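Start counting the sequence shown at 672; every next residue gets the next number (the working numbering).
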Amino acid sequence: MPSYWTDRFLAQVTDTPAGCWQWTGYLTPNGYARFRIGGEQQYAHRAAYEALVEPIPDGLVIDHLCRNRGCVNPAHLEPVTQRVNVLRGESHVAARARQTECIHGHPFDEANTYRASNGTRKCRTCRTAARTRARARKKPGVSCAAA
Ligand SMILES: [Zn+2]
Ligand SMILES: [Zn+2]
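Encoded structure:
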């Protein structure tokens, strides 16, 4: 990485538990990292990739494999065509929509499914089980007084 902007760049990066280099500087409204190099605003993740890996071929966009747009870790970045980038974003959504069971194996069918406020599907069986567990925790135990 050319030394004239390295220090400034690294000062705006913080590690996350997921291994991302989270950008703490300016983010665009879309969530992408922006950075000024030589008086010019550039995408920080593109600058990092070009400085640490290789120049990005013409016509390719950088895909965030970690799906964290604010990440500038070159290991999480891959140059792809715009089309692949869009398809990957869609397949992520599509994979969730295709799910036919909750993580505990209960079916996402008409009777067992409700929508959370953010639109995702939730399992009624799991919700009921969670409520039962919560109630059981609150109860101090069976008392003899009622007998
Ligand atoms: Zn990342
Ligand atoms: Zn479930």
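Yeah, the Cβ is synthetic: ideal placement off N, Cα and C, and Gly gets one too. Since the model is a prediction, treat every value here as computed from it, not as a measurement.
Note that the C-beta distance between T699 and G730 is not below 9 Å.
The C-alpha of S788 lies about 43 Å from the C-alpha of T677. The beta carbons of Y785 and R795 sit about 6 Å from each other, so the pair counts as a contact at 8 Å. A buried status is given to H747, since no fewer than 16 other beta-carbon atoms sit within 10 Å of its beta-carbon.
Placement of the Cβ of I708 at a distance of 8 Å or more from every heavy atom of ligand 2 is found. Annotation: the continuous beta strand (DSSP E) that includes H735 extends over 731-735. No alpha helix (DSSP H) of 4 residues or more sits fully in the stretch 686-719. Shortest gap from the CB of N739 to any heavy atom of ligand 1: under 8 Å. With 6 Å as the limit, the residues whose C-beta approaches a heavy atom of ligand 2 more closely than that are C773, H775, H777, C794, T796, C797, in chain order. Between V724 and P745, the C-beta gap is smaller than 9 Å, which places the two residues in contact.
For G690 against F706, the beta-carbon gap comes to about 20 Å, at or over 8 Å, which does not count as contact.
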